[in-house]
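In our numbering, the protein residues as written are 3 to 159.
Glycine included, each C-beta is placed from N, C-alpha and C at the ideal position.
Here the structure is a predicted model, which is why all the values come from computation and not from measurement.
First comes the structure, then the notes that go with it.
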Amino acid sequence: MEQGGLLIDYRAIHEKEVDMLKNILPRFTKLTQGVQFSPRFYYTIPESHMMIIAMEDLRELNYRMVNRRDGLDYEHCRLSLTKLGHLHAASMSASIDADDPSSMKKYDVGLFHGTDKKPAVIQQCFSLNFTKLCEVVKNWEGFEAISEKLERMKDKF
């Protein structure tokens, strides 16, 4: 699908996400003796016009959304970093799995992977949005100095 000069293969992204939720993360849970990394995967509708993924409702487990602008307190930071450590350990263990060493290979490249000649999808999105940001800030009263700094950064971004 083409959007703003970007060619994004949403189907490939969807397939990778489904594989991660359906196969990889449950495997990580087994490797870490039961540490959950995501809601349970139930079902997917992979049609290109809707691409839906049905997952476990975490409210049933007493999870709740908080205001992201409030940030994390110490305990939630500690929990997040502990979970990240478990995820890292499981991914390293899975990547050297003797049964199927190539099972993690498809995750080597993603939205953040790019080169000088072919920037990553996320880099392209930021680049396009940064140009728009420069245009918008130019019209803000009192932000002239910031606008000039942003303009100087535009070619390097």
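By the 16-neighbour rule on beta-carbons within 10 angstroms, A96 is buried.
Between the alpha carbons of A56 and V20 lies a gap of roughly 10 Å. 8 Å or more divides the Cβ of H78 from the Cβ of V37. Around the beta-carbon of A92, 16 or more other beta-carbon atoms lie within 10 Å, marking it buried. Per the coordinates, the alpha-carbon of S105 lies some 30 Å from the alpha-carbon of F128. About 12 Å separates the CB atoms of K158 and C136; that is not less than 8 Å, and the two are not in contact. For A122, there is no enclosing alpha helix (DSSP H), as DSSP gives it neither H nor E.
Closest by C-alpha distance to Y12, out of T133, K107 and E49, is E49. I15 and M53 have their C-alpha atoms roughly 10 Å apart.
Selection E153, L81 and Q125 evaluated against V138 yields E153 as nearest (Cα-Cα). Within the same chain, M57 and E58 come within 7 Å of R42 by CB-CB distance, once the 5 residues on both sides are set aside. Counting only residues of its own chain and dropping the five nearest sequence neighbours on each side, Y44 has a CB closer than 8 Å to the CB of A56, M57 and E58.
In the three-state reduction of the DSSP assignment, M22 falls in the helix class.
Counting only runs of 3+ residues, no beta strand (DSSP E) is found wholly inside the segment 128–158.
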